[in-house]
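Visitor:
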Amino acid sequence: MTTPSRRFVVGGALAAIAAILVGCRFPAENAAAEADPPPARVAPHPIWIANHTGGQSLTSDLAAANALELLAVLPVHDAAEDTPLDPTAFGPLWSDDVTVAGGHNGCDTRNDILRRDLRDLVTEPGSNGCEVLSGVLHDPYTGADIPALRSSAPTPETATVSVDHVVALADAWRKGAQALSPRNAATSPTTPATS
Numbered sequence: 001m002t003t004p005s006r007r008f009v010v011g012g013a014l015a016a017i018a019a020i021l022v023g024c025r026f027p028a029e030n031a032a033a034e035a036d037p038p039p040a041r042v043a044p045h046p047i048w049i050a051n052h053t054g055g056q057s058l059t060s061d062l063a064a065a066n067a068l069e070l071l072a073v074l075p076v077h078d079a080a081e082d083t084p085l086d087p088t089a090f091g092p093l094w095s096d097d098v099t100v101a102g103g104h105n106g107c108d109t110r111n112d113i114l115r116r117d118l119r120d121l122v123t124e125p126g127s128n129g130c131e132v133l134s135g136v137l138h139d140p141y142t143g144a145d146i147p148a149l150r151s152s153a154p155t156p157e158t159a160t161v162s163v164d165h166v167v168a169l170a171d172a173w174r175k176g177a178q179a180l181s182p183r184n185a186a187t188s189p190t191t192p193a194t195s
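Quick note: the sequence shown, position 140, residue 140 per the UniProt record's numbering, numbers continuous.
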């Protein structure tokens with residue numbers, strides 16, 4: 001029969017031996033963890049967060065969980081399933097005739113987006129403040145200020161700062177936009193939430 005103090009000593013000795021063995025068993029993993037520091041995380045700029053998330057931090061646990069939940073239901077198609085894009089189905093490029101924020105305000109959606117995202121705006125005289133000629137984009141990814149200048153023949157291709165869609169039109173088309181009504185097809189790519 002063992003006494004409680006002897007059981008304590010034996011148990012403590014076994015625990016110490018186990019700790020030593022476990023510590024010695026994984027030296028390569030510990031060395032690798034010390035040799036390769038984790039990659040640095042770059043946080044989005046606060047202005048971008050405010051404009052695109054209603055102020056919610058993108059690095060919050062809730063935002064990460066929501067992103068993972070959305071990612072899990074994102075359709076993935078093989079290249080063989082591609083449906084050729086019909087760009088005319090989306091209606092006139094950057095139309096103001098849409099049922100989204102900024103629609104029917106007299107400014108096309110491209111200029112609505114530029115007025116939202118640029119600072120130090122200069123607009124075309126006589127355009128009611130609609131046609132953006134220049135401004136400064138504060139890049140949320142690099143922190144750099146990028147001058148935005150519109151050429152004498154303004155088109156999205158000749159601008160120094162492009163307005164892009166969160167989901168490319170061709171990708172939206174392949175994933176079901178071809179089934180949208182003409183009104184919804186014209187509205188979906190031009191909403192400020194997706195540009």
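Here a beta-carbon is modelled for each residue, glycine too, at the ideal position from N, C-alpha and C.
Nothing here was measured: the structure is a model prediction, and the numbers come from that model.
According to DSSP, simplified to helix, strand and coil, what is residue 182?
Guide: Helix.
Visitor: By Cβ distance, which residues of its chain are closer than 6 Å to residue 175, with the 5 residues on each side in sequence left out?
Guide: Counting only Cβ-Cβ distances below 6 Å, and skipping sequence neighbours, we find 75.
Visitor: Decide if the segment 132-150 is in contact with the segment 87-105; the criterion is three or more beta carbon pairs, one per stretch, under 8 Å apart.
Guide: No, the segment 132-150 is not in contact with the segment 87-105.
Visitor: Among residues of its own chain, excluding the 5 on either side of residue 124, which ones have a beta-carbon nearer than 6 Å to its beta-carbon?
Guide: If we look at residue 124 and ignore the five residues flanking it on each side, its Cβ neighbours are 131 and 133.
Visitor: Can you tell me where the beta strand (DSSP E) with residue 123 in it begins and where it stops?
Guide: Looking at the DSSP string, the run of the beta strand (DSSP E) that includes residue 123 is 118-123.
Visitor: Between residue 177 and residue 168, how many whole angstroms is the CB-CB distance? I'm expecting something under 8 Å.
Guide: That pair is no contact at about 11 Å.
Visitor: Quick check on this structure: which residue in 136, 89 and 113 has the alpha carbon closest to the alpha carbon of residue 120?
Guide: With distances taken between Cα atoms, residue 120 lies closest to 136.
Visitor: Bridge partners for residue 135 per DSSP, in chain order?
Guide: DSSP output for residue 135 lists 148 as bridge partner(s).
Visitor: Distance check for residue 126 and residue 68, CA to CA, integer angstroms please.
Guide: Their backbone Cα atoms lie some 46 Å apart in a straight line.
Visitor: What span of residues does the alpha helix (DSSP H) with residue 73 cover, start to end?
Guide: Per DSSP, residue 73 belongs to the alpha helix (DSSP H) from 61-73.
Visitor: Our contact map puts residue 85 next to residue 170 with C-beta atoms below 8 Å; I'd like the distance itself, whole angstroms only.
Guide: The Cβ separation is near 5 Å, so the contact holds.
Visitor: Thinking residue 88 and residue 98 are a contact (beta carbons under 8 Å), I'd like their distance in whole angstroms, please.
Guide: Incorrect: roughly 16 Å between the Cβ atoms, too far for contact.
Visitor: Along the chain, where does the alpha helix (DSSP H) containing residue 85 start, and where does it finish?
Guide: Unbroken run through residue 85: none, as it is neither H nor E.
Visitor: Below 6 Å CB to CB, which residues in the same chain sit around residue 139 once its five sequence neighbours on both sides are set aside?
Guide: Cβ within range, chain order: 146.
Visitor: Between residue 182 and residue 100, what straight-line distance do the alpha-carbon atoms span, to the nearest angstrom?
Guide: Whole-angstrom Cα-Cα distance: 15 Å.
Visitor: Using a 10 Å radius around the Cβ and a threshold of 16 neighbouring Cβ atoms, would you call residue 62 buried or exposed?
Guide: So residue 62 ends up on the exposed side.
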